[in-house]
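For reference, the structure discussed in these notes is given below.
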Amino acid sequence: MNVQSSRDMMRRCSILLMFLFCIRQAACLDAISFQNWSSLFNNQPSKNWVVLAAGSNTWENYRHQADVFHAYQLVRKYNVPPENIITFAYDDIANNPKNPFKGKVFHHYDHEDVYNGVVIDYREKDVTRDNFVKVLKGDQKLEANKKKVLKSGPDDNVFIFFSGHGAISHIGFLEEYLYAMELNDTLAYMHSKKKFNKLVLYMEACYSGSMFKDVLPSNMGIYATTSAKEDEKSHAIFCFDPRIRVCLANDYSHAWITDSEQNNIKKRTLEEQYEAVRRKTGLSHVMKYGEMVIILGIRCTSMTNDIADCGTVSELIFIVQQDLSTLAPKQLNVKLRSLGPRGIPAHNSSNRVVQSRIQSRNHHPVCPQRLLLTGTHHVVRFYQNKLNSNWSVSSFAIVSK
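Counted the way mature numbering (1 follows the signal peptide of the UniProt record, and there is no 0) counts, the sequence shown spans residues -28 to -1, 1 to 373.
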């Protein structure tokens, strides 16, 4: 190997290592951001917005409104101001003639009331598909009629939770349907109008995966999880209370809400919550869609919790995927990031920034032995081609989904 080739290899290796260093410092790649609850419910309450919607009515569908009422109590616990919470609920459960506990709604056999203090903005005939879409878009006519709408901006985080009935490619608002394309068009509109920094959407409905599978783009800063795959039903729980005699909750909804109560969601990542909820939801497959997670880390010859303390790099890992289960946390120093709303072009642009910033730095003599890429087939191949053209790596380990 001649001197020039050796220098080229060292330069490429240093670029890759400095790329990782810049991720650690969170200074170089503006297209990459944390994907965790602390960025959703941040320390500025006015920057958090929540939309909660129960799409059904009648006593037999008790569980959907109970899901939403419990979610309301949760977001208030995390100091989201009431004026930033917009709630859809028919409101025919708490004072229903069949309710033996007048004025109360329960979400578990323990009979803890989740109804008290809930502010409902759209009730009875106002629980419609059109109103839901208009709220998300921040419709001015609706606001002029003294109704609450999303007034979020580019620095705000938005959380949406829906609980109701669903079928393939649509969910129900009483007797109306909201179709997958209309919902995703609405989300795209919100993105184009800069109505959020990040948007997280949790959906409880049968066949709810069909609302996002192959539809929701992965470059808009939107992350969605659903109670079921595109071809399966979701399930109710707590169905044998001898006095109430209807189901009190849905499996997935109760799982994510109680997980958020039992853990500090200002420190818990969405990925950690997804894995916990997936394990707790035993009757259907919890799915996730949208923003592609990027995980960056290095494996060292000696164990360390800090990349900067790693003496010798035995393996550099660049992972594009949404599943951490293939990694052994004790062996890998993992940094969780997500591709931002400007998508891959911005990522490439940021990479040029990285290269320009390291020109004045000394080259690092360590070269990675192996590069691991996992994720969907087309994403893996994209990054493999990009990295192959820029860096010399002895081997690629490709795991496609």
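The beta carbon of each residue, even a glycine, is placed where N, CA and C say it ideally should be.
Subject >> For Val91 and Arg(-5), the rounded distance between their alpha carbons >> reply: For the purposes of this step, residue -5 is taken as residue 24 along the sequence shown, with counting starting at 1. For the purposes of this step, residue 91 is taken as residue 119 along the sequence shown, with counting starting at 1. Residue confidence is low: Arg(-5) scores 37 on pLDDT, short of 50, so the model does not pin down where it sits. No coordinate-derived value is stated.
Original post:
Under a three-way DSSP split, which group does Arg309 fall into?
Top reply: Stepping through the sequence shown from its first residue, residue 309 is reached at position 337. Because Arg309 sits at a pLDDT of 33, beneath the cut-off of 50, its placement in the model cannot be relied upon, and the point is left open.
**OP:** Determine the contact status of Ile58 and Tyr94, defining contact as a CB-CB distance below 9 Å.
**Re:** Looking up residue 58 in the sequence shown gives position 86. Looking up residue 94 in the sequence shown gives position 122. In contact: Ile58 and Tyr94 (Cβ atoms closer than 9 Å).
Original post:
So Val90 is in the alpha helix (DSSP H); what residue range does that whole segment cover?
Top reply: As a first step, residue 90 must be located in the sequence shown, where it is residue number 118. Bounds of any alpha helix (DSSP H) do not take in Val90, whose DSSP letter is neither H nor E.
**OP:** Please state if the CB of Leu24 and the CB of Phe60 are separated by a distance shorter than 9 Å.
**Re:** Along the sequence shown, one-based indexing puts residue 60 at 88. Along the sequence shown, one-based indexing puts residue 24 at 52. Going by C-beta atoms, Phe60 is nearer than 9 Å to Leu24.
Original post:
Whose C-alpha, out of Tyr62, Leu122, Ala160 and Glu176, is nearest the C-alpha of His226?
Top reply: Locating residue 226 in the sequence shown gives position 254, where the first residue counts as 1. Looking at the Cα atoms, Glu176 is the closest of the given residues.
Subject >> Neighbour-count burial assignment, Gln245, 16 or more Cβ in a 10 Å radius >> reply: Counted from its first residue, the sequence shown places residue 245 at position 273. By the C-beta density criterion, Gln245 is buried, having at least 16 other C-beta atoms within 10 angstroms.
**OP:** Out of Tyr50, Cys219, Val187 and Tyr224, state which residue places its alpha-carbon closest to the alpha-carbon of Thr198.
**Re:** Position 226 of the sequence shown, counting from 1, holds the residue named residue 198. Comparing Cα-Cα distances from Thr198 to each of Tyr50, Cys219, Val187 and Tyr224, the minimum goes to Tyr224.
Original post:
Under three-state DSSP, which class holds Ile65?
Top reply: The sequence position of residue 65 within the sequence shown is 93, counting from 1. Of the three classes helix, strand and coil, the one that applies to Ile65 here is coil, per DSSP.
Original post:
Between the beta-carbon of Trp31 and the beta-carbon of Asn68, is there less than 9 Å?
Top reply: On the sequence shown, residue 31 is found 59 positions in, with the first residue counted as 1. On the sequence shown, residue 68 is found 96 positions in, with the first residue counted as 1. For Trp31 and Asn68, yes; Cβs fall inside 9 Å.
**OP:** State the DSSP-derived secondary structure class of His137, mapped to helix, strand or coil.
**Re:** Working through the sequence shown from its first residue, we reach residue 137 at position 165. Of the three classes helix, strand and coil, the one that applies to His137 here is coil, per DSSP.
Subject >> Member of Val47, Phe78 and Tyr62 whose CA lies at the smallest distance from the CA of Asp98 >> reply: Sequence index remark: in the sequence shown, residue 98 carries index 126 (1-based). Taking only the C-alpha atoms, the option nearest Asp98 is Tyr62.
**OP:** Measure from the C-beta of Arg101 to each C-beta in chain D and report whether the shortest distance is under 9 Å.
**Re:** The chain labelled as chain D is not found in the depicted structure, where only one protein chain is given.
Original post:
Exposed or buried, what is Met153 when buried is set at 16 or more other beta-carbons lying within 10 Å of its beta-carbon?
Top reply: Translated into positions along the sequence shown, residue 153 becomes position 181. Answer is exposed; the Cβ neighbour count stays below 16.
Original post:
Hey, is Phe212 close to the ligand COA, as in C-beta under 8 Å from one of its heavy atoms?
Top reply: In terms of ligand content, the structure shown is empty, and the ligand COA therefore cannot be addressed.
Original post:
Taking the runs of the beta strand (DSSP E) that are 3 residues or longer, which of them lie wholly in the stretch 97 to 180?
Top reply: Runs found: 129 to 135, 142 to 145, 148 to 151 and 170 to 176.
**OP:** Would you tell me roughly how many angstroms separate the C-alpha atoms of His142 and Ile229, rounded to the nearest one?
**Re:** Position 170 of the sequence shown holds residue 142. Position 257 of the sequence shown holds residue 229. If I take the Cα positions, the gap works out to 24 Å.
Original post:
First and last residue of the beta strand (DSSP E) that includes Lys260?
Top reply: If you number the sequence shown from 1, residue 260 lands on position 288. For Lys260, the uninterrupted beta strand (DSSP E) segment begins and ends at Met259 to Gly262.
Original post:
How about Gly144 and Met259: do their beta carbons lie closer than 9 Å?
Top reply: By 1-based counting over the sequence shown, the position of residue 144 is 172. By 1-based counting over the sequence shown, the position of residue 259 is 287. The Cβ atoms of Gly144 and Met259 lie no closer than 9 Å to each other.
Subject >> the stretch 34 to 42 contacting the stretch 181 to 193, beta-carbon criterion three pairs below 8 Å >> reply: Result no; under three Cβ-Cβ pairs closer than 8 Å.
Subject >> Exposure of Asp203, with buried meaning 16 or more beta-carbon neighbours within 10 Å >> reply: Here residue 203 is taken as the residue at index 231 of the sequence shown, counted from 1. Asp203 is exposed by the Cβ-count criterion.
**OP:** Figure out for me which residue from Asn222, Lys205 and Phe210 has the closest Cα to the Cα of Ser256.
**Re:** The residue given as residue 256 occupies position 284 in the sequence shown. Among Asn222, Lys205 and Phe210, the Cα nearest to that of Ser256 belongs to Lys205.
Original post:
Under the three-state reduction of DSSP, which class applies to Phe60: helix, strand or coil?
Top reply: For the purposes of this step, residue 60 is identified with residue 88 of the sequence shown, where counting begins at 1. Here Phe60 sits in strand by DSSP.
Subject >> Whole runs of the alpha helix (DSSP H) within the stretch 219 to 251, excluding any shorter than 4 residues >> reply: Whole alpha helix (DSSP H) segments, 4+ residues: 223 to 234.
Subject >> Rounded straight-line distance, which links the Cα of Gly254 to that of Ser135 >> reply: By 1-based counting over the sequence shown, the position of residue 135 is 163. By 1-based counting over the sequence shown, the position of residue 254 is 282. If you draw a straight line from the Cα of Ser135 to the Cα of Gly254, it is about 18 Å long.
Original post:
Can you tell which of Leu150, Glu84 and Asp64 has its C-alpha closest to the C-alpha of Asn103?
Top reply: Locating residue 103 in the sequence shown gives position 131, where the first residue counts as 1. Its Cα nearest to that of Asn103, the residue Leu150 stands out among Leu150, Glu84 and Asp64.
Original post:
Where Glu243 and Lys201 are concerned, what is the direct C-alpha to C-alpha distance, given to the nearest angstrom?
Top reply: Mapped onto the sequence shown, residue 243 falls at position 271. Mapped onto the sequence shown, residue 201 falls at position 229. When the Cα atoms are used, Glu243 and Lys201 turn out to be separated by approximately 18 Å.
Subject >> Nearest candidate by alpha-carbon position, reference Lys70, set Pro53, Lys239, Ala221 and Pro214 >> reply: Numbered from its first residue, the sequence shown carries residue 70 at position 98. When only C-alpha atoms are compared, the closest one is Pro214.
**OP:** Under 6 Å Cβ to Cβ from Ser232, same chain only, skipping five residues before and after it: list those, please.
**Re:** By one-based count along the sequence shown, residue 232 stands at place 260. Leu46, listed in sequence order.
Original post:
Nearest to Lys74 by CA position, among Asp64, Asp157, Tyr81 and His80, is which residue?
Top reply: Position 102 of the sequence shown, counting from 1, holds the residue named residue 74. Out of Asp64, Asp157, Tyr81 and His80, the CA that lies nearest to the CA of Lys74 is found in Asp64.
Original post:
Can you tell me whether DSSP reads Asn33 as helix, strand or coil?
Top reply: Taking the sequence shown and counting its residues from 1, the one referred to as residue 33 is at position 61. Note: Asn33 maps to helix in three-state DSSP.
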